[in-house]
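Notes follow the structure.
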Amino acid sequence: MAEVSYYTKDGLEKLKEELQRLKTTGRADISRAIAEARDKGDLSENAEYDAAKEAQGLHEAKIAQLQETLANARLLDESKIDTSKVLALSVVKIKNLKNGATMSYQLVSESEADLKTGKISVASPIAKGLLGKKVGEKTEITVPAGKIEFEILEISR
Numbered sequence: 001m002a003e004v005s006y007y008t009k010d011g012l013e014k015l016k017e018e019l020q021r022l023k024t025t026g027r028a029d030i031s032r033a034i035a036e037a038r039d040k041g042d043l044s045e046n047a048e049y050d051a052a053k054e055a056q057g058l059h060e061a062k063i064a065q066l067q068e069t070l071a072n073a074r075l076l077d078e079s080k081i082d083t084s085k086v087l088a089l090s091v092v093k094i095k096n097l098k099n100g101a102t103m104s105y106q107l108v109s110e111s112e113a114d115l116k117t118g119k120i121s122v123a124s125p126i127a128k129g130l131l132g133k134k135v136g137e138k139t140e141i142t143v144p145a146g147k148i149e150f151e152i153l154e155i156s157r
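Under the UniProt record's numbering, the sequence shown has 137 at position 137, and the numbering climbs by one with no breaks.
Here is the structure:
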């Protein structure tokens with residue numbers, strides 16, 4: 001059984017749009033490539049045809065994966081998120097106790113994670129170390145670079 005993933009409304013919409021794009025324009029593009037390759041003659045020695053058929057298989061696998069992800073996706077109501085402790089979709093402001101740097105992250109599903117916009121996956125080491133903690137708590141998190149101690153300064157949604 002696949003794992004249930006939690007999404008924001010925007011994240012879920014992006015998944016649906018991507019699936020729709022793959023099913024429509026993506027399939028049409030691959031069909032066109034297969035038809036062009038088929039027109040070039042003998043299929044037993046046609047590398048373009050083989051490549052196009054392989055691309056079609058990969059494309060259909062991606063569609064199947066997205067459909068499974070959507071089937072197991074759950075929409076989180078951001079207005080009902082408890083801000084007394086760190087949960088999925090929480091925006092957490094933390095302070096690195098070693099160097100004094102403060103950072104703010106939103107904990108999101110793996111497919112929505114984007115460090116440039118301050119969104120980290122709930123499956124990441126930092127997010128796992130923050131989940132369930134409250135404002136003022138200190139936590140030591142093991143990351144690839146070693147252990148870092150953080151203090152939670154603020155939790156919002």
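Heads up, the beta-carbon is just placed ideally off N, CA and C, and yes, glycines get one too.
Predicted model, so just to flag it, every value in this text is computed and none were measured.
Between the options, which has its C-alpha nearest residue i's C-alpha?
i           : options                        : result
ARG32       : GLN56, ASN46, GLN20            : GLN56
PRO144      : LEU15, ALA101, LYS14, SER124   : SER124
SER121      : ALA71, ASP29, LEU87            : LEU87
LYS119      : LYS40, VAL91, ALA101           : VAL91
LYS116      : ALA127, SER104, ALA37          : SER104
residue 172 : SER156, VAL135, GLY132, ILE126 : Here the chain has residues from 1 to 157 only, and residue 172 is not among them.
THR24       : ILE63, LEU58, ARG38            : ILE63
For residue i, is the classification buried or exposed, using 16 other Cβ atoms within 10 angstroms of its Cβ as the cut-off for buried?
i      : result
GLU110 : exposed
LYS133 : buried
GLN20  : exposed
GLN106 : buried
For residue i, report the span of its alpha helix (DSSP H) as first-last.
i     : result
ARG74 : Premise fails: ARG74 lies in the beta strand (DSSP E), 73–75, not in any alpha helix (DSSP H).
GLU13 : 9–21
May I have the straight-line CA-CA distance separating residue i from residue j, to the nearest angstrom?
i      : j      : result
ALA73  : LYS138 : 32 Å
LEU43  : ALA35  : 11 Å
MET1   : LEU76  : Low local confidence applies: a pLDDT of 48 at MET1 is under 50, so the model's placement there is unreliable, with the coordinate-based value given in what follows. Cα to Cα, the separation comes out at about 21 Å.
GLU60  : ASP10  : 24 Å
LYS16  : TYR7   : 12 Å
GLY100 : GLY136 : 15 Å
LEU12  : LEU70  : 8 Å
VAL108 : LEU22  : 24 Å
query = What residue ranges within the region 25–63 form continuous alpha helix (DSSP H) runs of no fewer than 4 residues, ordered along the chain?
reply = Whole alpha helix (DSSP H) segments, 4+ residues: 27–38.
query = Along the chain, which unbroken stretches of the alpha helix (DSSP H) at least 4 residues long are found entirely within the region 60–148?
reply = 125–130
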